[in-house]
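**Q**
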Amino acid sequence: MRVLLVDDEPLARQRLHDLLQGMSDINVVGEAADGRAACELAAELQPDVVLLDISMPVMDGLEAARHLAGLAHPPAIVFCTAFDEHALAAFEAGAIDYLLKPVRSERLAEALGRARRFTRERAAEVAAHLPPAKRRSHLCARLRGSVRLIPIEDIYYLQAEEKYVVVHHARGEDLIEESLKSLETEFAERFLRIHRNCLVAKDELQELRRSPDGHTRARLRHVATPLEVSRRCLPGLRQKVREL
Amino acid sequence: MRRSEPDAPWLPDFCRLPVLFSTLVAAEVAVLVIALAPSAEHGWDGRQVAAASLFALWLALCNAVLLCKLRGPLCRLPQPLSALLAWALPVLATALGSLLVHELDVALQAGLSLPAELRGRFIVQNAAIAALLGAVLLRYFHVQEQWTLQERAHARAEVDALQARIRPHFLFNSMNTIASLVRRDPATAERVVEDLSDLFRAALGHGSGGTLAEELQLARRYLDIEALRFGARLKIDWQLAADLPDDLEMPRLLLQPLVENAIVHGVSRLPDGGAIELHAHADARAVTLRVRNPCPPQPAAGGNRLALSNIRQRLAYHYGDRAQMTAGYADGYYSVQLRIPR
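As you go down the protein sequences, you meet chains A and B in turn. In terms of the working numbering, the first sequence opens at residue 9 and continues consecutively. In terms of the working numbering, the second sequence opens at residue 179 and continues consecutively.
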């Protein structure tokens with residue numbers, strides 16, 4: 009079984025490494041120190057199991073678990089954490105087991121046994137039944153064989169195109185399979201709707217300018233081309249811009 | 179420092195202004211009650227009320243001074259006896275005072291007290307009033323004292339409950355560190371066990387305070403353990419003045435929770451970590467301790483404020499308003515400063 013270790017503490021990873029060393033049929037394929045790195049590595053390495061710490065910088069384990077559940081080959085997730093205040097949240101995030109540090113060898117073997125019985129179908133089922141996430145810190149764009157995690161604060165604007173949403177952010181553009189509506193609800197305090205197909209980051213909004221042809225366009229700080237503001241959104245938008 | 183509470187003397191200190199004031203008010207009230215009592219004969223006129231007030235206040239003052247001076251010896255006696263004396267002595271003093279005043283009044287022929295032949299009645303009635311008033315006042319002070327003691331015990335219990343607790347995460351993470359080290363680096367594992375023991379001894383220790391040097395030592399032990407966990411992500415910048423009063427007494431675990439916050443809400447949330455700045459210096463009146471750490475822009479909610487309000491309350495309990503705590507976020511850094519009076 010291919011295992012990915014995720015913990016921000018080198019010694020904690022070391023300890024899991026040591027424990028796994030003694031077990032047959034276990035192959036540690038990689039290590040990551042935060043949730044984002046874990047997701048990116050998991051998409052690339054396609055491990056069967058991810059041993060995932062919860063409290064980590066950049067992206068915590070709970071959010072990483074949600075992104076992992078959405079991968080093409082979702083791994084079985086086993087949380088390892090020092091204190092069990094997250095137990096419920098862990099199972100809500102689709103974990104198959106939950107280990108407390110310092111992890112006992114027998115307990116780890118048991119969790120891996122469970123992971124072995126965890127099938128792809130079961131994983132898809134889990135992913136489908138995840139309760140709606142509370143506000144995520146990243147959006148996850150799936151590319152062929154890898155994922156890109158885009159920090160919410162790097163996003164300039166979101167534009168719906170057919171069945172995708174194009175995320176325009178500091179490092180380029182990515183496609184995600186989510187609806188603009190659900191993104192608007194989840195990140196209500198971050199984005200403003202300026203058009204049926206467009207949400208812009210509040211911080212990015214520089215000015216609303218009326219052009220000679222009667223259309224109003226929004227200029228963003230980091231985007232060269234102004235974006236069209238629909239007539240329907242204009243009054244509400246003016247109101248919100250004044251409140252900013 | 180934590181004020182110790184030996185068996186507080188049951189008799190209040192009559193030299194304290196509030197007690198003295200209550201005594202004088204009680205005396206004056208008694209005079210007014212007598213003056214206002216409906217009577218078939220002609221009542222007191224203004225002059226008599228003034229004279230009686232003066233007399234009563236003088237007696238009250240004398241008795242207060244008497245009890246104030248005798249407080250020490252009285253409180254060393256068994257309580258029933260001392261209670262009896264604390265009540266009887268002022269009665270006696272009142273009788274003596276009455277005798278004196280009566281003599282003066284008769285000699286001066288001022289006519290402010292009773293005629294010469296009613297001397298006995300003047301003295302006995304004044305003594306009786308003193309006996310009644312004294313009993314009521316002593317009872318009142320006693321009840322009030324008990325109530326204050328109870329309040330104080332209550333506050334003390336609250337402070338004990340506030341006694342800084344180390345986060346349970348820290349215990350289990352440290353145990354995990356030890357588990358990882360035990361085989362690969364037994365010497366370091368041993369040191370972690372020792373440091374952890376010191377920290378928990380302090381955290382579980384009840385009541386007794388520590389010194390500035392011990393406080394800094396505990397912070398150092400804590401940081402030594404965390405340094406193992408975070409590796410290169412955690413750096414410490416110690417800025418300790420050379421002239422710190424090492425044996426300055428202070429409540430235990432004031433500093434460690436601040437350092438813990440700096441890690442939990444600061445360094446541990448940054449992928450590349452950062453340096454915690456620990457600064458201490460002393461002037462003639464106070465020691466200033468400051469913990470400054472880099473942290474992510476959104477201020478951490480909940481836990482942080484809890485730890486700070488805990489420290490704030492403990493400072494208020496131990497030092498009143500002589501100690502200060504200020505905290506704030508600016509330019510990617512969070513900083514907390516404590517000023518502990520010397």
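Built from N, CA and C at the ideal position, the CB exists for glycine as well. Here the structure is a predicted model, which is why all the values come from computation and not from measurement.
Give the DSSP bridge partners of proline 519 of chain B, in chain order.
**A** In DSSP, proline 519 of chain B forms a bridge with B:Ala464.
**Q** Counting Cβ pairs closer than 8 Å, one from the region 224-242 of chain A and one from the region 283-300 of chain B, do we hit at least three?
**A** No: fewer than three Cβ pairs fall under 8 Å.
**Q** For arginine 557 of chain B, which residues in chain A fall below 8 Å Cβ to Cβ?
**A** It is not possible to answer for residue 557 of chain B, since the shown part of chain B is limited to 179 through 520.
**Q** Would the beta-carbon of tyrosine 164 of chain A fall within 8 Å of that of glutamate 212 of chain A?
**A** Yes, the pair counts as a contact, with Cβ atoms nearer than the cut-off.
**Q** The alpha helix (DSSP H) that contains glycine 180 of chain A, what's its start and end?
**A** Element bounds for glycine 180 of chain A: not the alpha helix (DSSP H) but the beta strand (DSSP E), 180-184.
**Q** Using a Cβ distance threshold of 8 Å, determine whether the region 355-375 of chain B contacts the region 28-38 of chain A, with at least three qualifying pairs required.
**A** Counting Cβ pairs under 8 Å, fewer than three are found: no touch.
**Q** What is the rounded straight-line gap between the Cα of arginine 10 of chain A and the Cα of valine 57 of chain A?
**A** Their Cα atoms are separated by approximately 6 Å.
**Q** Do the CB positions of leucine 311 of chain B and phenylalanine 300 of chain B come within less than 8 Å of each other?
**A** Result no, Cβ atoms of leucine 311 of chain B and phenylalanine 300 of chain B do not sit closer than 8 Å.
**Q** List the endpoints of the continuous alpha helix (DSSP H) containing methionine 353 of chain B.
**A** Element bounds for methionine 353 of chain B: 346-362.
**Q** So with Cβ pairs under 8 Å, would you call arginine 407 of chain B a contact of chain A?
**A** So yes, arginine 407 of chain B belongs to the interface.
**Q** With a threshold of 8 Å between beta carbons, is methionine 353 of chain B in contact with chain A?
**A** Yes, methionine 353 of chain B counts as interfacial toward chain A.
**Q** Do you know offhand how far leucine 202 of chain B's Cα is from arginine 463 of chain B's?
**A** Their backbone Cα atoms lie some 39 Å apart in a straight line.
**Q** Specify, as a first and last residue, the run of the beta strand (DSSP E) that isoleucine 4 of chain A falls within.
**A** Residue numbering for chain A in the displayed model covers 9 to 252; residue 4 of chain A lies beyond these limits and cannot be assessed.
**Q** What does the Cβ neighbour count give for tyrosine 512 of chain B, buried or exposed, with the cut at 16 atoms within 10 Å?
**A** That one is buried.
**Q** Between the beta-carbon of leucine 200 of chain A and the beta-carbon of lysine 189 of chain A, is there less than 8 Å?
**A** Cβ atoms of leucine 200 of chain A and lysine 189 of chain A: not closer than 8 Å.
**Q** How is aspartate 211 of chain A classed by DSSP in three states: helix, strand or coil?
**A** In this structure, aspartate 211 of chain A counts as helix in the three-state DSSP scheme.
**Q** Indicate whether at least one CB of chain A lies closer than 8 Å to the CB of leucine 412 of chain B.
**A** By this cut-off, leucine 412 of chain B is not an interface position.
**Q** Between arginine 181 of chain B and chain A, is any beta-carbon pair separated by less than 8 Å?
**A** Residue placement at arginine 181 of chain B is flagged as unreliable, the pLDDT there being 38, under the threshold of 50; the coordinate-derived value follows with that caveat. No, arginine 181 of chain B lies away from the interface with chain A (no Cβ there is under 8 Å from its Cβ).
**Q** Should proline 472 of chain B go down as buried or exposed, given a rule of 16 or more other Cβ atoms within 10 Å for buried?
**A** With 16 or more Cβ atoms within 10 Å of its Cβ, proline 472 of chain B is classed as buried.
**Q** Spell out whether any CB of chain A is found under 8 Å from the CB atom of histidine 347 of chain B.
**A** At least one chain A Cβ lies under 8 Å of histidine 347 of chain B.
**Q** Just by C-beta distance, which residues in the region 13-36 of chain A are closer than 8 Å to chain B?
**A** For the region 13-36 of chain A, which is checked against every Cβ of chain B, the residues closer than 8 Å are Asp16, Glu17, Pro18, Leu19, Ala20, Gln22, Arg23 and Asp26.
**Q** Can you list, in chain order, the residues of its chain with a C-beta nearer than 6 Å to that of alanine 230 of chain B? Leave out the 5 residues immediately preceding and following it.
**A** Closer than 6 Å at Cβ, skipping near neighbours: Val209.
**Q** Below 8 Å between beta carbons: does that hold for alanine 333 of chain B and tyrosine 495 of chain B?
**A** For alanine 333 of chain B and tyrosine 495 of chain B, yes; Cβs fall inside 8 Å.
**Q** Give, in chain order, every residue of the region 72-98 of chain A whose Cβ lies closer than 8 Å to some Cβ of chain B.
**A** Residues Ala90 and Phe91.
**Q** Would you call leucine 255 of chain B buried or exposed, if buried means 16 or more other Cβ atoms sit within 10 Å of its Cβ?
**A** Exposed, because fewer than 16 other Cβ atoms sit within 10 Å of the Cβ of leucine 255 of chain B.
**Q** Does chain B have any CB closer than 8 Å to the CB of lysine 109 of chain A?
**A** With 8 Å as the cut-off, lysine 109 of chain A counts as an interface residue toward chain B.
**Q** Please classify serine 63 of chain A as buried or exposed, where buried requires at least 16 neighbouring CB atoms within 10 angstroms.
**A** Under this definition serine 63 of chain A is a buried residue.
**Q** Where does glutamate 17 of chain A land, buried or exposed, given buried means 16+ other C-beta within 10 angstroms?
**A** Glutamate 17 of chain A is buried by the Cβ-count criterion.
**Q** Taking only beta-carbon positions, decide if aspartate 42 of chain A is within less than 8 Å of chain B.
**A** With 8 Å as the cut-off, aspartate 42 of chain A counts as an interface residue toward chain B.
**Q** When you compare the CB positions of alanine 397 of chain B and leucine 456 of chain B, do they come within less than 8 Å of one another, or not?
**A** Closer than 8 Å, so yes.
**Q** Rounded to the nearest angstrom, what separates serine 358 of chain B and arginine 112 of chain A at their Cα positions?
**A** Using only the alpha carbons, I get a separation of about 12 Å.
**Q** Between leucine 401 of chain B and isoleucine 454 of chain B, what straight-line distance do the alpha-carbon atoms span, to the nearest angstrom?
**A** Going from the Cα of leucine 401 of chain B to the Cα of isoleucine 454 of chain B covers about 10 Å.
**Q** Going along chain A in order, which residues have a C-beta closer than 8 Å to the C-beta of leucine 359 of chain B?
**A** Those are Leu19, listed as they occur along chain A.
**Q** Which residues in chain A sit within 9 Å of phenylalanine 319 of chain B, going by Cβ to Cβ distance?
**A** None at all; the shortest Cβ gap to chain A is about 50 Å.
**Q** Return the CA-CA distance between glycine 69 of chain A and leucine 382 of chain B, expressed in angstroms with no decimal places.
**A** Approximately 32 Å, taken between the alpha carbons.
**Q** Ordered along the chain, which non-local residues of its own chain (more than five positions away) have a Cβ less than 6 Å from that of leucine 349 of chain B?
**A** Hits under 6 Å: none found.
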